[in-house]
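Q:
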Amino acid sequence: MINAIWLGLILIGIVISMFTGNVQAVTDSVISSSKTAVEIAIGLVGIMSFWLGLMKVAEEAGLVKALGKGLRPVMKRLFPEIPEDHPAVGSIVANVAANFFGLGNAATPLGIKAMQELQELNDNKDEATDAMVLFLAINTSSVTLISSSVIAYRAAANSANVTEIIAPTIIATVISTVVAITSCKVLQKLPTFKREKKSNNPIGGAK
5 MINAIWLGLI
15 LIGIVISMFT
25 GNVQAVTDSV
35 ISSSKTAVEI
45 AIGLVGIMSF
55 WLGLMKVAEE
65 AGLVKALGKG
75 LRPVMKRLFP
85 EIPEDHPAVG
95 SIVANVAANF
105 FGLGNAATPL
115 GIKAMQELQE
125 LNDNKDEATD
135 AMVLFLAINT
145 SSVTLISSSV
155 IAYRAAANSA
165 NVTEIIAPTI
175 IATVISTVVA
185 ITSCKVLQKL
195 PTFKREKKSN
205 NPIGGAK
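For the sequence shown, my numbering puts the final residue at 211, and the numbers step up evenly by one.
1) What is the rounded straight-line gap between the Cα of ALA161 and the Cα of ALA45?
2) Indicate whether the contact test is met: 3 or more Cβ pairs, each with one atom in the segment 80-95 and one in the segment 121-130, closer than 8 Å.
3) Identify whether ASN204 lies in helix, strand or coil by the three-state DSSP scheme.
4) Thinking C-beta only, is ALA141 closer than 8 Å to ILE185?
5) For VAL183, which residues from the same chain have a beta carbon less than 8 Å from its beta carbon, with the 5 sequence-adjacent residues on both sides left out?
6) What do you get for ILE152, buried or exposed, if any count of 16 or more other CB atoms within 10 angstroms of its CB means buried?
7) For the alpha helix (DSSP H) containing GLY94, list its first residue and its last residue.
8) Which of the three DSSP states, helix, strand or coil, is assigned to GLU121?
9) From this set, LEU191, ARG158, PRO172, which residue's C-alpha is nearest ASP134's C-alpha?
10) Given this structure, state the Cα-to-Cα distance separating VAL166 from THR181, to the nearest angstrom.
11) To test your reading of the DSSP string, which unbroken alpha helix (DSSP H) runs of 4 or more residues are found completely within the segment 145-193?
12) Measuring straight from C-alpha to C-alpha, what distance separates ILE18 and GLU43?
13) Starting from GLY213, trace the alpha helix (DSSP H) both ways and give me its first and last residue.
14) Within its chain, find whatever has a CB closer than 7 Å to the CB of GLU88; leave out the 5 residues flanking it on each side and keep chain order.
15) Compute the Euclidean distance between the alpha carbons of ASN143 and ALA171, then round it to the nearest angstrom.
16) Taking the CB atoms as reference points, tell me whether THR148 and GLY106 lie closer together than 8 Å.
17) Looking at C-alpha atoms only, which residue of VAL178, PRO113, ALA156, ILE174 is the closest neighbour of SER53?
18) Can you say whether ALA118 is buried or exposed, counting buried as having 16 or more other CB atoms within 10 angstroms of its CB?
19) Using only alpha-carbon positions, find the residue among ARG158, ASN126, ALA102, SER38 that is nearest to VAL2.
20) Return the CA-CA distance between ALA176 and ILE169, expressed in angstroms with no decimal places.
21) If LEU267 sits next to PHE83, beta carbons under 8 Å apart, how far is it from one beta carbon to the other, in whole angstroms?
Given below as structure tokens:
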């Protein structure tokens with residue numbers, strides 16, 4: 005779908021440039037933009053390597069695991085329907101901890117693993133559970149201590165102070181996470197969004 009959208013935009017641009025007589029301007033723009041994209045990408049390599057390396061040191065030092073242990077009581081209150089000893093709890097905690105430290109590459113597989121484990125608890129495989137919806141909301145809005153990617157972009161753009169976004173990022177992600185959790189909890193209680201459990205009775209009626 006994304007590829008089709010991009011192809012459509014390119015074709016529309018070419019057609020319009022032909023009708024307006026700006027084909028050369030489009031060609032020059034494509035060449036200059038390609039050059040700029042390469043320069044930005046190369047400029048990002050160093051700063052991204054530094055921040056990802058720093059986050060990896062934090063992970064190896066046990067900071068991610070320590071945060072995970074601290075989050076377990078909170079996760080238990082947020083996800084009361086998940087058994088305490090279920091592997092999904094550990095994956096959710098690990099995902100939240102990885103996102104907190106900006107370890108996007110590590111957080112993604114942990115998030116997928118958590119969803120797979122939550123699906124095992126799902127009695128209706130065609131519909132997401134409340135826990136799955138809440139986890140997705142938390143994962144999307146996740147509280148972030150250091151956003152290494154944004155810092156890298158700012159460094160590539162020659163920002164005077166690349167780390168000044170750390171405090172605003174923390175404030176913004178805390179607010180977004182609180183809103184996400186609150187919205188999920190409120191909507192889950194409304195009749196329109198209440199999830200009906202699928203009956204296991206072969207006849208179709210509930211006992």
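Note that beta-carbon positions come from the ideal geometry of N, C-alpha and C, so glycine has one too.
Note that this is a predicted model, so its numbers are computed, not measured.
A: Result, derived from the coordinates:
1) Taking the sequence shown and counting its residues from 1, one reaches residue 161 at position 157. Taking the sequence shown and counting its residues from 1, one reaches residue 45 at position 41. Spanning the two alpha carbons is a distance of roughly 11 Å.
2) yes
3) As a position in the sequence shown, residue 204 is number 200, starting the count at 1. Because the pLDDT at ASN204 is just 44, under 50, the model does not fix this residue reliably, and the value given afterwards should be weighed accordingly. Here ASN204 sits in coil by DSSP.
4) Taking the sequence shown and counting its residues from 1, one reaches residue 185 at position 181. Taking the sequence shown and counting its residues from 1, one reaches residue 141 at position 137. Contact: yes.
5) Counted from its first residue, the sequence shown places residue 183 at position 179. Answer for VAL183: SER145, listed in chain order.
6) As a position in the sequence shown, residue 152 is number 148, starting the count at 1. Position check: residue 152 holds Ser in this sequence, whereas Ile was assumed. Result: buried.
7) Counting from 1 along the sequence shown, the entry for residue 94 is found at position 90. Taken as a continuous stretch (DSSP letters only), the alpha helix (DSSP H) holding GLY94 covers 91-104.
8) Looking up residue 121 in the sequence shown gives position 117. Looking at GLU121 - three-state DSSP - the assignment turns out to be helix.
9) Within the sequence shown, residue 134 is the residue found at index 130, counting from 1. Cα-wise, what sits closest to ASP134 is LEU191.
10) In the sequence shown, counting from the first residue as 1, residue 166 sits at position 162. In the sequence shown, counting from the first residue as 1, residue 181 sits at position 177. The alpha-carbon atoms of VAL166 and THR181 are separated by roughly 24 Å.
11) 152-160, 170-193
12) Residue mapping note: residue 18 aligns to position 14 of the sequence shown, counting from 1. Residue mapping note: residue 43 aligns to position 39 of the sequence shown, counting from 1. Computed Cα separation, rounded: 25 Å.
13) No information on residue 213 is available, as it lies outside the stretch 5 to 211 that the chain covers here.
14) By one-based count along the sequence shown, residue 88 stands at place 84. The beta carbon of GLU88 is closer than 7 Å to those of LYS80 in its chain, skipping five residues each way along the sequence.
15) Along the sequence shown, read from residue 1 onward, the residue named residue 143 stands at position 139. Along the sequence shown, read from residue 1 onward, the residue named residue 171 stands at position 167. For ASN143 and ALA171, the distance between alpha carbons rounds to 20 Å.
16) For the purposes of this step, residue 148 is identified with residue 144 of the sequence shown, where counting begins at 1. For the purposes of this step, residue 106 is identified with residue 102 of the sequence shown, where counting begins at 1. Yes; because the gap between Cβ atoms is below 8 Å, this pair is in contact.
17) The residue labelled residue 53 in the question sits at position 49 within the sequence shown. Considering only alpha carbons, the answer is ALA156.
18) Counted from its first residue, the sequence shown places residue 118 at position 114. Buried, since its Cβ has 16 or more Cβ neighbours within 10 Å.
19) Outside the shown range of the chain (5 to 211) lies residue 2, about which nothing can therefore be said.
20) Working through the sequence shown from its first residue, we reach residue 176 at position 172. Working through the sequence shown from its first residue, we reach residue 169 at position 165. Taking the straight line from one Cα to the other gives about 10 Å.
21) Examination of residue 267 is not possible in this model, given that the chain is present from 5 through 211 alone.
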